[in-house]
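Participant: Plus 258 on top of the position in the sequence shown (first one is 1) and you've got our numbering. Ideal placement from N, C-alpha and C gives every residue a C-beta, glycine not left out. From a predicted model like this one, the values you see are computed outputs, not experimental measurements.
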Amino acid sequence: MKLDCNSIETIKDINDQIDYDDKVDGGSKDASEVSCGQNNSNELQNKYNEHFKTIQGIPEKLIASIMCHCCNKLKPTGKEKVSWLEFYKCMKTRVNSENHPKTFNKLNELIAWHEARNKKS
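#1: CB-CB under 7 Å to Lys331, same chain, minus the five flanking residues each way: which ones, in chain order?
#2: Thinking just about the alpha-carbon of each residue, which of Pro334, Lys311, Cys329 and Cys326 is nearest to the one in Lys364?
#3: Tell me the DSSP bridge mates of Ser341?
#4: Please determine, among Glu356, Asn354, Asn357 and Phe345, the residue with the shortest C-alpha to C-alpha distance to Ala370.
#5: Residues in the same chain with beta-carbon distance under 8 Å from Asn376, minus the five sequence neighbours each way, listed in chain order, please.
#6: Which same chain residues end up closer than 7 Å to His327 when comparing Cβ atoms and leaving out the 5 residues on each side of it in sequence?
#7: Can you give me the C-alpha to C-alpha distance between Glu367 and Ala374, rounded to a whole angstrom?
#8: What's the gap between the Cα of Gln275 and the Cα of Lys360?
#9: Counting only the same chain and skipping the five closest in sequence on each side, list residues whose C-beta sits under 8 Å from that of Lys339.
#10: Near Ile313, what residues of its chain come up, given a Cβ to Cβ distance below 7 Å and the 5 sequence neighbours on each side ignored?
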């Protein structure tokens with residue numbers, strides 16, 4: 259599952275490249291793992307809408323490109339189990355804090371939240 263990240267404009271562009279139907283409901287454990295695309299859901303879009311969409315200065319194209327590259331890096335076959343913490347850490351490596359401080363800061367917040375949550379588990 260190698261995604262073409264060069265033509266990505268939106269999060270939907272990532273999902274459109276993947277033909278995967280999740281037939282097994284993972285319950286609450288499944289929610290902590292990244293799905294880069296599936297026919298019946300778009301988790302990446304949900305995360306973008308929840309965490310980035312309302313922040314001025316964070317364009318969807320930037321987040322879509324970063325997410326696409328992290329999907330390729332962390333889920334090359336699409337079957338790897340990757341936590342959101344791992345995914346956000348990957349995203350952070352692709353962002354320059356000087357050029358995109360709001361994105362960088364938001365990713366730091368998300369990483370800190372997931373790390374604190376993991377310590378409680």
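Facilitator: Looking at the coordinates:
#1: Cys348
#2: Lys311
#3: Glu291
#4: Phe345
#5: Leu343
#6: Cys263 and Arg352
#7: 11 Å
#8: 28 Å
#9: Glu291
#10: Lys360 and Lys364
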